[in-house]
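*Asks:* The structure that follows is given in the form of structure tokens.
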Amino acid sequence: MFYKKIPTSIKLSTLQKNITTGFIWTGIQTVGTKLIALTTQLFLAWLLVPEDFGKVSIATSITSVIFLIQALGLSDVMVSRGHMYFKVFNLAKSIAALTSLACFLISILTGLITGIYLFQDIEITYLILIFSFCVPFNAMSVIADAKLRIDLKFKQLSFIRLLEFFISNFLLVSFVLLNLGIYSFVLAPVVASISRYFLIHKIANVQHLFHFSLHHYTYLLSNSLWGFLHNICQTIIRQSDYLIIGLFVSTQAVGLYFMGYSLSVQVIGLLVNSLTPVFFPILRKINTENKEKIKIILIKIITVFSLFGMCFSFLQATLAEPLMTIFLEPKWKESILIVQILSIGIGFNVASTVWAISLKLKNAFYKQAILSLQGVTIFIISITLATKYYGTIGTAVSVSLYNIFFNLYLLAISLKYYNIEIRTILNISFKYFFIALIIFGTTYLITFDAQFNNWTKILINSIIPATIYFISTYLFDNNSKNIYQEIYTKFVKK
1312 MFYKKIPTSI
1322 KLSTLQKNIT
1332 TGFIWTGIQT
1342 VGTKLIALTT
1352 QLFLAWLLVP
1362 EDFGKVSIAT
1372 SITSVIFLIQ
1382 ALGLSDVMVS
1392 RGHMYFKVFN
1402 LAKSIAALTS
1412 LACFLISILT
1422 GLITGIYLFQ
1432 DIEITYLILI
1442 FSFCVPFNAM
1452 SVIADAKLRI
1462 DLKFKQLSFI
1472 RLLEFFISNF
1482 LLVSFVLLNL
1492 GIYSFVLAPV
1502 VASISRYFLI
1512 HKIANVQHLF
1522 HFSLHHYTYL
1532 LSNSLWGFLH
1542 NICQTIIRQS
1552 DYLIIGLFVS
1562 TQAVGLYFMG
1572 YSLSVQVIGL
1582 LVNSLTPVFF
1592 PILRKINTEN
1602 KEKIKIILIK
1612 IITVFSLFGM
1622 CFSFLQATLA
1632 EPLMTIFLEP
1642 KWKESILIVQ
1652 ILSIGIGFNV
1662 ASTVWAISLK
1672 LKNAFYKQAI
1682 LSLQGVTIFI
1692 ISITLATKYY
1702 GTIGTAVSVS
1712 LYNIFFNLYL
1722 LAISLKYYNI
1732 EIRTILNISF
1742 KYFFIALIIF
1752 GTTYLITFDA
1762 QFNNWTKILI
1772 NSIIPATIYF
1782 ISTYLFDNNS
1792 KNIYQEIYTK
1802 FVKK
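Counting from 1, position 125 in the sequence shown corresponds to residue 1436 in this note's numbering; the numbering is continuous, with no gaps.
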């Protein structure tokens, strides 16, 4: 045998402490990056036009899919086999080096084909070619990133990601002010990727040099390839709507949709990005045979994500019009409805986050990939038809419906192993969905045709419904009450 499996177990109290610690640091990172991203996006919206955002969206959509080759799903596989990290170090680095070279060559070729022949825009080609220089640095950083995750060093990871994000956005704005235009969007990430590579290796105390070896490559690649297929499918789901709009509508429409979509996923960023990086490496330390303990934790995660996800998704839907009217120019007006439509399904996207984690816990990378393959097939077909006949509004409606129904399907299939019934999932998610819909929908209808100014609409549609939502769930829902009390005990009373 190439390795000996080491059984692991962890006390529930220790587990909760690790999750809380990880949540705090990744939460700080997420809030910081979201504030930086939102400020940068609003600033750039004043300097650039929708067509500029459209070209960048098309280029990054193409490179996002290709760039997955650089990681090949190694990170999660190395975390799942963390006890063998140093024995597979050279193998992992060797695989990363080969895949980064392949990814670099593919991105150059794809840039030439898509920019010149598919979209007939040479600027898209230039954007992809410049962005491709991120590849080797991102690929070789995966190994050091996995080491920090294995050691549960979330504070260091949060610092690195926040610093990288700050550098990228600071340079982005600086380059735009220096009249570098849309090329600022790719030059800034290249510099940030190089900086991150050296910093993460230093903090993780991982060597740059390695001995090239592909000995026992199946040990990593057997699951890594399925993880890679899953990542490919998920990236296509996140990016293909831009490309489809570009093909059936226009580059300007892509820019308008990009603005709406990026603003609508703030809930995912604040909740999911704060917690999901924490769950897998920590839960991986539980004995996988202890289904009951994992079941309790997974149900609690779904409850927390549904409770806050549904609230914040409807909150951003009701605030989209007054906020975007105040802070954005009229040229972005068409993005408002896109934000509102997409927000309806975002809560379910948040609630379903644990489906992939639950499969990773039992090393079901194959099943994870198959479900993602089903998802990308349904997504592309539905988005293509909706966009072709109804434009960007059709795209937004189709994406929202996908987030609601297919994500519930993913939860139902993936959680069967832990004896979590679909009825339990539906009760949790739809309960908070309808509570949020009724409360936030009522205040929104009150202010919809009324002669309130935008600042008054913001106050009415935020403070009043949010207060009613949290008070009503505290008083009439025991699960919500327990969650609020735990948060108070850990973060306020302490």
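We treat Cβ as the ideally placed atom computed from N, Cα and C, and that holds for glycine.
#1: How close, in whole Å, do the beta carbons of ASN1714 and ASN1660 come, if the pair is a contact with beta carbons under 8 Å?
#2: Looking only at its own chain, which residues have a Cβ that is under 7 Å from the Cβ of ILE1647, when we skip the five neighbours before and after it?
#3: Are there 16 or more other CB atoms within 10 angstroms of the CB of LYS1316, so buried, or fewer, so exposed?
#4: Assign HIS1541 to one of three DSSP states: helix, strand, or coil.
#5: Along the chain, where does the alpha helix (DSSP H) that runs through GLU1640 open and close?
#6: Which first and last residues belong to the alpha helix (DSSP H) in which GLN1518 is found?
#7: Kindly confirm or deny that the segment 1399-1410 and the segment 1460-1479 touch, where touching means at least three C-beta pairs closer than 8 Å.
#8: Let's test the definition: count the other Cβ atoms within 10 Å of the Cβ of LYS1727 and tell me whether it reaches 16, buried, or not, exposed.
#9: Roughly how many angstroms separate the alpha carbons of PHE1741 and PHE1397, rounded to a whole number?
#10: Taking the beta carbon of ILE1692 as the centre, do at least 16 other beta carbons fall within 10 Å, making it buried, or is it exposed?
#11: Closest by CA to ASN1401, which one among ILE1454, ILE1427, PHE1444 and GLN1431?
#12: Using the beta-carbon count (16 or more within 10 Å), is ASN1730 buried or exposed?
#13: Just to check my reading of the structure: PRO1500 and PHE1569 have Cβ atoms closer than 8 Å, yes? What is that Cβ distance to the nearest angstrom?
#14: To which residues of the same chain is ASP1432 closer than 7 Å at the C-beta, ignoring the five residues directly before and after it?
#15: Take THR1614 and list the residues in its own chain whose beta-carbon comes closer than 6 Å to its own, dropping the five residues that flank it on each side.
#16: Use the C-beta contact count for ILE1798: other C-beta atoms within 10 angstroms, 16 or more gives buried, fewer gives exposed.
#17: Should PRO1447 be labelled buried (16 or more other beta-carbon atoms within 10 Å of its own) or exposed?
#18: Cα separation between THR1800 and SER1669?
#19: Report the option in GLU1640, VAL1665 and GLY1658 whose CA atom is closest to the CA atom of ILE1612.
#20: Counting Cβ pairs, one atom from each stretch, are 3 or more of them under 8 Å apart for the segment 1671-1686 and the segment 1537-1550?
#21: Just how far apart, CA to CA, sit ILE1652 and SER1711?
#22: Can you name, in chain order, every residue of its own chain whose Cβ lies under 7 Å from the Cβ of VAL1517, other than the five neighbours on each side?
#23: To the nearest angstrom, how far is it from the Cα of LEU1468 to the Cα of LYS1671?
#24: Measure the alpha-carbon distance for GLY1492 versus SER1485 and round it to whole angstroms.
#25: If you count every other CB in all the chains shown that lies within 10 Å of the CB of LYS1768, and 16 or more means buried, which is it?
#26: Would you kindly work out how many angstroms separate the C-alpha atoms of ILE1657 and GLY1422, rounded to a whole number?
#27: Are there 16 or more other CB atoms within 10 angstroms of the CB of ILE1719, so buried, or fewer, so exposed?
#28: CA-CA distance, ALA1628 and GLN1545?
#29: Let me check understanding here. Comparing Cα to Cα, which of MET1621, LYS1792, LYS1404 and TYR1572 lies closest to LEU1525?
#30: Can you check the segment 1776-1800 for any alpha helix (DSSP H) of at least 4 residues that lies completely inside it and give the ranges in chain order?
#31: Going by DSSP, what residue range makes up the alpha helix (DSSP H) through PHE1397?
#32: Is ARG1507 closer than 8 Å to SER1561 when the C-beta atoms are compared?
#33: Can you tell which of PHE1465, ASP1552, LEU1510 and ASN1480 has its C-alpha closest to the C-alpha of VAL1497?
*Replies:* Well, looking at it:
#1: Counted from its first residue, the sequence shown places residue 1714 at position 403. Counted from its first residue, the sequence shown places residue 1660 at position 349. Their Cβ separation, rounded to whole angstroms, is 4 Å, which keeps ASN1714 and ASN1660 in contact under 8 Å.
#2: Residue 1647 sits at position 336 when you count from the first residue of the sequence shown. So the list reads ALA1631, GLU1632 and MET1635, once near-sequence residues are dropped.
#3: For this step, residue 1316 is matched to residue 5 along the sequence shown. The predicted position of LYS1316 is uncertain, since its pLDDT is 40 and thus under 50; a value taken from the coordinates is nonetheless stated next. Counting Cβ neighbours within 10 Å, LYS1316 comes out exposed, since fewer than 16 surround it.
#4: Numbered from its first residue, the sequence shown carries residue 1541 at position 230. Helix at HIS1541.
#5: Along the sequence shown, one-based indexing puts residue 1640 at 329. Premise fails: GLU1640 is in no alpha helix (DSSP H) and is neither H nor E.
#6: Counting from 1 along the sequence shown, the entry for residue 1518 is found at position 207. Premise fails: GLN1518 is in no alpha helix (DSSP H) and is neither H nor E.
#7: no
#8: Your numbering for residue 1727 matches position 416 in the sequence shown. The residue in question, LYS1727, is exposed, as its Cβ has fewer than 16 Cβ neighbours within 10 Å.
#9: Position 430 of the sequence shown, counting from 1, holds the residue named residue 1741. Position 86 of the sequence shown, counting from 1, holds the residue named residue 1397. PHE1741 and PHE1397: Cα-Cα distance of roughly 45 Å.
#10: Locating residue 1692 in the sequence shown gives position 381, where the first residue counts as 1. Answer is exposed; the Cβ neighbour count stays below 16.
#11: Sequence index remark: in the sequence shown, residue 1401 carries index 90 (1-based). It is ILE1454 whose Cα lies nearest to the Cα of ASN1401.
#12: Stepping through the sequence shown from its first residue, residue 1730 is reached at position 419. Flag for ASN1730 reads exposed.
#13: Counted from its first residue, the sequence shown places residue 1500 at position 189. Counted from its first residue, the sequence shown places residue 1569 at position 258. Contact doesn't hold; Cβ gap of about 16 Å is too wide.
#14: The sequence position of residue 1432 within the sequence shown is 121, counting from 1. The residues are LYS1366 and GLY1426.
#15: On the sequence shown, residue 1614 is found 303 positions in, with the first residue counted as 1. Only ILE1739 and ASN1790 meet the Cβ criterion.
#16: Looking up residue 1798 in the sequence shown gives position 487. With fewer than 16 other Cβ atoms inside 10 Å of its own Cβ, ILE1798 counts as exposed.
#17: Indexing the sequence shown from 1 puts residue 1447 at position 136. PRO1447 is buried by the Cβ-count criterion.
#18: Taking the first residue of the sequence shown as 1, we reach residue 1800 at position 489. Taking the first residue of the sequence shown as 1, we reach residue 1669 at position 358. Those two C-alpha atoms are separated by around 28 Å.
#19: Start at 1 with the first residue of the sequence shown, and residue 1612 comes out as number 301. The option with the nearest alpha carbon to ILE1612 is VAL1665.
#20: yes
#21: Taking the sequence shown and counting its residues from 1, one reaches residue 1652 at position 341. Taking the sequence shown and counting its residues from 1, one reaches residue 1711 at position 400. Spanning the two alpha carbons is a distance of roughly 7 Å.
#22: Against the sequence shown, residue 1517 aligns to sequence position 206. Counting only Cβ-Cβ distances below 7 Å, and skipping sequence neighbours, we find ILE1454, ALA1455 and LYS1458.
#23: To locate residue 1468, count along the sequence shown from 1; it is residue 157. To locate residue 1671, count along the sequence shown from 1; it is residue 360. Rounded to the nearest angstrom, the two C-alpha atoms are 21 Å apart.
#24: Working through the sequence shown from its first residue, we reach residue 1492 at position 181. Working through the sequence shown from its first residue, we reach residue 1485 at position 174. Taking the straight line from one Cα to the other gives about 10 Å.
#25: Here residue 1768 refers to the residue found at position 457 when the sequence shown is read from its first residue. The residue in question, LYS1768, is buried, as its Cβ has 16 or more Cβ neighbours within 10 Å.
#26: Counted from its first residue, the sequence shown places residue 1657 at position 346. Counted from its first residue, the sequence shown places residue 1422 at position 111. Near 32 Å, if we compare the C-alpha coordinates of GLY1422 and ILE1657.
#27: Here residue 1719 refers to the residue found at position 408 of the sequence shown. Here the sequence assigns Leu to residue 1719, which means Ile is not the residue at that position. When all chains shown are included, LEU1719 counts as buried.
#28: For the purposes of this step, residue 1628 is identified with residue 317 of the sequence shown, where counting begins at 1. For the purposes of this step, residue 1545 is identified with residue 234 of the sequence shown, where counting begins at 1. Going from the Cα of ALA1628 to the Cα of GLN1545 covers about 24 Å.
#29: Walking along the sequence shown from the start, residue 1525 turns up at place 214. Selected option, being the one with the closest Cα: LYS1404.
#30: Those alpha helix (DSSP H) runs which fall completely within the segment 1776-1800 and span 4+ residues are 1789-1798.
#31: Your numbering for residue 1397 matches position 86 in the sequence shown. Note, PHE1397: premise wrong, no alpha helix (DSSP H); not H, not E.
#32: As a first step, residue 1561 is located in the sequence shown; it is residue number 250 there, counting from the start. As a first step, residue 1507 is located in the sequence shown; it is residue number 196 there, counting from the start. No; because the gap between Cβ atoms is not below 8 Å, this pair is not in contact.
#33: The residue given as residue 1497 occupies position 186 in the sequence shown. Minimum Cα distance to VAL1497 is reached at ASN1480.
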